[in-house]
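Step one of this worksheet: look at the structure below.
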Amino acid sequence: MTIVYDIFLILHFVGLASLLGGFIVQMRASQRVVNPAMLHGALTQLVTGLVLVGIYEGASIDPSSPLNQTAIGVKLVIAFIVTVFVMLGRRKEESQQQPYWAAAGGLALVNVIVAVFWVA
Ligand code: HEM
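When you line the sequence shown up against the numbering used here, it's residues 10 to 129, in that order.
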């Protein structure tokens, strides 16, 4: 089962790259929008994150090091908010998408910090 877990962890990193890459690539743009890379990245993070938790707990990937459930809960809420911002932003006129771009990208970065310093 570890190999399946590792494959989803790789997909989790691909989603992260898409979400943050889509955000960063527009930093110097005059009109910053929520691009498809951010949308697909946010959805990938939500789905792969939930699958990772399911496999980790269900298959007892590393019983000596249980996941911090509080931190996972915080990550889930933040990822959900990121996804909502991304979806709302995509519905707006391009000229009005910048606040959604900024909020989604900023919160995605917060989730990286939570993942590195708190979950593990
Ligand atoms: C914007 C959303 C997210 C971002 C940016 C993000 C980021 C990350 C990063 C950078 C890691 C690697 C941490 C490390 O290996 O030290 C990670 C791992 C992980 N994430 Fe996420 N994540 C997000 C959403 C989620 C969600 C929604 C869940 C589940 C509810 C989740 C569950 C996990 C789990 C279980 C791991 C593996 C922890 C381990 O094996 O030690 N993530 N995430």
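By construction, the Cβ of each residue, glycine as well, lies at the ideal position given by its N, Cα and C atoms.
Same chain only: Cβ atoms within 6 Å of residue i, ignoring 5 sequence neighbours per side
i, result
"L29", "A117"
"Q106", "V42, V43 and G98"
Buried or exposed (CB count within 10 angstroms, at least 16 for buried), residue i
i, result
"V91", "buried"
"A113", "buried"
"W110", "buried"
"T53", "buried"
"A68", "exposed"
"M10", "exposed"
"F126", "exposed"
"S73", "exposed"
"F89", "exposed"
"A26", "exposed"
Residues of its chain near residue i, where Cβ-Cβ distance is below 8 Å and the 5 sequence neighbours each way are ignored
i, result
"Y65", "Y14, D71 and L76"
Residue from the options with nearest C-alpha to residue i
i, options, result
"V119", "V83, Y109 and Q40", "V83"
"T103", "S39, M10 and V34", "The question names Thr, but residue 103 in the sequence shown is Glu. Checked all of S39, M10 and V34; the closest Cα to E103 is S39."
"P108", "Q35, S73, L55 and T11", "Q35"
Same chain, Cβ closer than 7 Å to residue i, neighbours up to 5 away in sequence not counted
i, result
"L18", "L61"
"T57", "F17, L20, H21 and G24"
Identify every run of the alpha helix (DSSP H) within the stretch 37–114, keeping only runs that are complete inside it and at least 4 residues long; order them along the chain. If we require 4 residues or more, the alpha helix (DSSP H) runs fully inside the stretch 37–114 come out as 45–67 and 78–100.
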